[in-house]
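S.K.: One structure, as structure tokens, below. Some questions next.
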Amino acid sequence: MKAKLAARLYLLLVLLAAGYAGLRWHGGTPVETDLLALLPVTERHPLAQQAVGVVSRLVGERSVFLVSAGEFEQAAAAARLLAEILGEDRDAFSTVLVAAPAVDARLPLRVHLPHRGHLLAPEDARALARSPQATLEARLAERLHAPPAVGPRTSIEEDPFGFLQRYLARLPLGVGALSVREGFFHAQFEGRSHILVFAEPAGSPYESGVQTAVARVSVQARQTLREQFPEVEVQFTGAAHHAAAARAQAEGEMSRIGGSTLAGILLLLLVVFRSPRHLWVGLLPIAAGLIVATAFCFAFYERLHLLTLGCGATLIGVAVDYAMHFFAVQLGDGPHWQSQAGMRRMLPALGLGVLTTLAGYTLLLAMPFPGLRQMALFSAVGIIVAAGAVWAWFPLLLQQPLRATTAGALGLPAFLLQVCEKHLSARRILAAAALSILLALPGWRALDSNDDIRLLIAPVPALQQAEARLRAIAGWGGGGQFYLVEGDDPAQLAQREQALRSALQPLLESGQLTAVNTLASFVPPLEQQRQDHALLERVWRDGSATRALEAAGFTASAIAGAYAAVLQSAPLTREHWLATPLGAAQRQLVLSEQAVLVLPQGQRAVAPLREAARELSGVSLIDQAGSVSQLFRNYREVTAWALLGAFPLAVAMLAGRYGWRAVVVVAPVGTAILLTLAILGWLGEPLTLFHLLGLFLVFGVGLDYSIFLHEDRTRSPAVVLGVLLAALTTLLSFGLLARSSMPALHGFGLTLFLGVLLAALAAPAVLVLPRSEAGLGR
Amino acid sequence: MRTAPIAGTGATLASLGARARCTLVGVGALLLALGLGAPLHAQDRTLFEDIAAGLDPAAVIVSEFTQTRRIAALKQPVVSSGRVIFARGMGVVWQIERPYRYAYVLGAQGTTEVNAAGERLRRKASDAPALVSVGRVFEALLRADLVQLREHFHIELSGSPRDWRAELVPRESAMAGFMQRLVIKGGRQLAEIELGESNGDSTRIRLRHRESGASLAPADAALFSG
């Protein structure tokens, strides 16, 4: 009766969890497609966090379309049609920017004219300080006689010596491969015309509705353009496209892995046990595990991460293990089956098995990566609930013995057991272990490591191509690093920013950077402006400027006007600059009075950036990707040590029950892990955090096999069958996971596949331990 | 935390927004590496091709120039004269001889100025990137290289291959804001450039062909090197 009550309560728990999870799932798929969500919050200071937010807003949630054609007119016509199609879909994009707004090309001039008495190019300031008279004459001569410039310039009346024009020429305004041609953002590259079209998503690019709409209209637009302009090529990228691709990939993988594993399990159950009842009973722990695990995740997290989806699918293969063990024991008992007694015999092995498997996931829970923690929580809860379901329900549901015909399934395990008993000896096992370790040596030597953040990203070739193209054409992009500059007051801040700018100048000149987006490029420090103003004022007050202009034939009114302009000039302050239409784009760079951002562009490597800022005070390089890689690396090393530590720990845990034999029980999985490492080395798989986490689970899962085999001191073929079936389903699900396109999941799956396979092969080594009376089988 | 994908992936478009806005404003000449041309109006095509075919194909062309600038702020026009040397693939030397000696060497890497005493003043491309692209257009202009020019201008042609006139309207808005009109005239070589600025100032350059050759004279080659 007590057993029935427990079973009912357990059912109630699962149903409640199902209701909760169903409710949460109902309001749209709560799937997290934002890659960064699984990464730790930036450590150190909160300003850095704010900065990361600002930069990612700048970097943008927008989509970029690149329309390329042999001739400009064709690209322009295609771009116009593209914008029309994109603009029509209100669910996808809120605004589409195809034509550069008609901006007055004289705007930079107008912005700077009121400050012309304070702005000098550094070389002009130096020259004026050294030899004022000669400098004025030289500048004036150039102004009047130099070949005409075909670009923007100041008029001779506004700027007789050309100082402002020379100052403006140094500004990094609109310098780059991109120009505005007939209203389009255009670049000529490798003999083709490229036009850029920008589109702002209608909502967050991480909303599934927006993603679907964006993906749909983008593909549709490309199709239409292909039909109308066969010569034109359209590429696109952006946060929404990445997120949509990642979601589609993860969902596809989840259903592929989940579906195939499930099919494999059902087939196994059908072939081995030939009982329809075992089919649906076998699914119960899987369903209970998945349901409660999902509910648990929802209780702690807003959304399910893609990593959880991918890995959660493998839970099916692991959760069914305990059912398999139970079925196998039932099969082995034949007509003598008594379900409650069978469960009692199985319980110690079941408990130890769950414990050791959980040990692996507990380590994941301790990681600072929210995504990994979620995945571990999901798996751990799923395993506990699945084992619990076997314990609570199976004795009640499977009271009848299996039919005698099914005993045939024991043939193979019985044969294997016989082979083992006949040929296994401690000496042979040691020899085999020694030989395999010898073979493994070159594999270990070949092992390499990888801590790249891209482990978390399944590559999408089309998007990568588009980005590479954009990088080549427009010089955009870089590693996503930027500087945070802090100062006690605005003056110190400006000084430090200027110092950073100067430190980056060599990188710009050597082409390691294409540009630096900083306020300091546009607003010289006030102190410098005052000095420059003093230089200009002096040449006017002492009459040398007037004399030079008179000698060149300037009219009196032109001279008076130029003099007045210098006297009336005001310094260009940051506030003023940011308030102008030109400076508006830089407003986001200002975090506060004491902190600004500096964005380098076009960098390929981080080291030079770090090096440039090393000696500067108040300047820190924020490298989120880099700090994540660093974390990956730290945790990879921690995990490696933890794995080493897990062996004595497991031996200690098992020693209570097995005494000195615990060492022998742990040894096979240890060998399996060593060999797995060697195979990874042979395969040329660089070791990542995810491989090591996989090894940790191999330890937990693999130990199960040894425990079950050892617990069965009667050497029953049924237990061997249980281990075989459990290993088969686990191998199936992780083998499928190894084919994931997300490198992290691939590494995780491959490691588990290899490790579990080897652990299953090595587990029979425990059979050399002396028999004892009590056991799993009869 | 709600941020965009990271480095090297979705975020390779770092600070795209800000750049795009800066570009809008386009102070620099915003001129690009020159590529293949855009199509012309059908009626211009023959004349265009005839002119292009009739142009002096020499690698080095040396001409004399007289530049006259009419500037509102000045009492009289400003006149200067000298030599201009086009060297295909290397750039242009604009050598002022009167009223004083001074040379501008517009090369691919930047502008070099050479004063009467032979002192060189280099301006690197990274100091003033706009100068380089301006230099390229200027070179195309002085060579009357219509194929390259139509990358940057709409061209309206009239006359005959021996005596033609081309009115150039800038395609790029950044350039258009400063130019009222730009007309070039010529035959086998460029004969005249007329530039009207939006503020009323104007520049007229007359060129007289002196010699064409396969290579630079040693003294002129020295201007390009170093």
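Protein chains in written order, with our numbering: chain A, 1 to 778; chain B, 1001 to 1226. Quick reminder that beta carbons are idealized off the backbone N, C-alpha and C, glycines included.
Apart from the five residues just before and just after L11/A, which ones in its own chain have a Cβ nearer than 7 Å to its Cβ?
M.R.: No residues qualify anywhere along the chain.
S.K.: Could you name the residues of the same chain whose beta carbon sits closer than 7 Å to that of Q133/A, not counting the 5 residues immediately before and after it, in chain order?
M.R.: Excluding residues within five positions, the ones whose Cβ falls inside 7 Å are S544.
S.K.: I'd like to know if E88/A contacts chain B, where contact means its C-beta is closer than 8 Å to some C-beta of that chain.
M.R.: It does not; no Cβ of chain B falls within 8 Å.
S.K.: Let me make sure I understand the geometry here. Which of A121/A, G183/A and D159/A has the alpha-carbon closest to that of A99/A?
M.R.: The candidate whose alpha carbon is nearest that of A99/A is G183/A.
S.K.: Is N1199/B helix, strand or coil when you go by DSSP?
M.R.: Coil, per DSSP.
S.K.: Run through DSSP, which three-state label would W1094/B get?
M.R.: Three-state DSSP puts W1094/B in a strand.
S.K.: Hey, how far is the Cα of I1061/B from the Cα of E1119/B?
M.R.: I1061/B and E1119/B: Cα-Cα distance of roughly 25 Å.
S.K.: Do the CB positions of A349/A and L721/A come within less than 8 Å of each other?
M.R.: Their beta carbons are not under 8 Å apart, which means A349/A does not touch L721/A by this criterion.
S.K.: Is it buried or exposed, T1046/B, if we count other Cβ atoms within 10 angstroms and call 16 or more buried?
M.R.: The residue is exposed, with fewer than 16 neighbouring Cβ atoms inside 10 Å.
S.K.: Can you tell me which of A1166/B, R1188/B and H1152/B puts its alpha carbon nearest to the alpha carbon of S1212/B?
M.R.: Of the listed residues, the one whose Cα sits closest to S1212/B is R1188/B.
S.K.: Is P147/A close to chain B? Criterion is C-beta to C-beta, closer than 8 Å.
M.R.: True, the Cβ-Cβ gap to chain B drops below 8 Å.
S.K.: DSSP state of I384/A, grouped into three classes?
M.R.: Three-state result, I384/A: helix.
S.K.: Any heavy atom of the ligand ATP closer than 7 Å to the CB of R1210/B?
M.R.: The model on display carries no ligand, and the ligand ATP is accordingly not part of it.
S.K.: Going by the CB atoms, is the gap between L82/A and F93/A shorter than 8 Å?
M.R.: No. Outside cutoff.
S.K.: Nearest to T730/A by alpha carbon, out of A21/A, V234/A, I257/A and A565/A?
M.R.: Minimum Cα distance to T730/A is reached at I257/A.
S.K.: Check the Cβ-Cβ distances between A1004/B and every residue of chain A, and say whether any is below 8 Å.
M.R.: Note that A1004/B has pLDDT 35, beneath the 50 cutoff, so the model's placement of it is unreliable and the number below is only indicative. Chain A contact via Cβ: present.
S.K.: Counting C-beta neighbours from all protein chains within 10 Å, is the total for V766/A 16 or more, i.e. buried, or is it exposed?
M.R.: Buried, by the Cβ-count rule.
S.K.: Please state the DSSP three-state secondary structure of P201/A.
M.R.: Strand.
S.K.: Anyone know if the C-beta pair for G436/A and F236/A falls short of 8 Å?
M.R.: Inspection of the sequence shows that residue 436/A is occupied by Ser rather than by Gly. No; because the gap between Cβ atoms is not below 8 Å, this pair is not in contact.
S.K.: Strictly under 8 Å for the Cβ-Cβ distance: is A1128/B near chain A by that measure?
M.R.: The predicted position of A1128/B is uncertain, since its pLDDT is 49 and thus under 50; a value taken from the coordinates is nonetheless stated next. Output row for A1128/B: interface = yes.
S.K.: Would you say S379/A reaches chain B, if we count a Cβ-Cβ gap shorter than 8 Å as a contact?
M.R.: Judged by the 8 Å Cβ criterion, S379/A is not in contact with chain B.
S.K.: Under a three-way DSSP split, which group does T580/A fall into?
M.R.: Note: T580/A maps to coil in three-state DSSP.
S.K.: Below 8 Å between beta carbons: does that hold for G747/A and F690/A?
M.R.: For G747/A and F690/A, yes; Cβs fall inside 8 Å.
S.K.: Output the distance between the C-alpha atoms of L424/A and Q465/A, rounded to the nearest integer angstrom.
M.R.: Roughly 56 Å separates the two Cα atoms.
S.K.: What three-state label does DSSP hand L304/A in the structure shown?
M.R.: Strand.
S.K.: If distances are taken between C-alpha atoms only, which option among T1066/B, P1057/B, E1064/B and A1087/B comes closest to L1223/B?
M.R.: Closest by alpha carbon: A1087/B.
S.K.: Please name the residue, chosen from A414/A, A432/A and G342/A, that lies closest to A392/A on a Cα-to-Cα basis.
M.R.: When each option's Cα is compared against that of A392/A, the closest is G342/A.
S.K.: Could you pull out every residue in the same chain whose Cβ sits closer than 6 Å to the Cβ of Q312/A, ignoring the five residues on either side in sequence?
M.R.: Residue identity differs from the one stated: residue 312/A is Gly in this sequence, not Gln. Cβ neighbours of G312/A beyond the five flanking positions: F378.
S.K.: Could you tell me which residues DSSP pairs with L1190/B in its beta bridges?
M.R.: Answer is G1186/B.
S.K.: Just to confirm the assignment, what range does the beta strand (DSSP E) spanning F236/A have?
M.R.: Start and end: E233 to G238.
S.K.: Quick one: what's got a C-beta closer than 8 Å to D451/A's C-beta in the same chain, skipping five residues either side?
M.R.: Hits under 8 Å: S629, Q630, F632, R633, R636, T688 and L689.
S.K.: Could one say the Cβ of F1178/B lies closer than 8 Å to chain A's Cβ atoms, at least one of them?
M.R.: At least one chain A Cβ lies under 8 Å of F1178/B.
S.K.: What does DSSP give as the partner residue(s) for G517/A in the beta ladder?
M.R.: The question names Gly, but residue 517/A in the sequence shown is Asn. Bridge partners of N517/A: L599/A.
S.K.: Below 7 Å CB to CB, which residues in the same chain sit around G1196/B once its five sequence neighbours on both sides are set aside?
M.R.: Contacts found: Q1180, R1181 and S1202.
S.K.: Along the alpha helix (DSSP H) that carries I437/A, what are the first and last residues, could you check?
M.R.: Where I437/A is concerned, the enclosing alpha helix (DSSP H) stretches over A426 to A446.
S.K.: Is it buried or exposed for V217/A, if we count other Cβ within 10 angstroms and need 16 for buried?
M.R.: Buried: at least 16 other Cβ atoms inside 10 Å.
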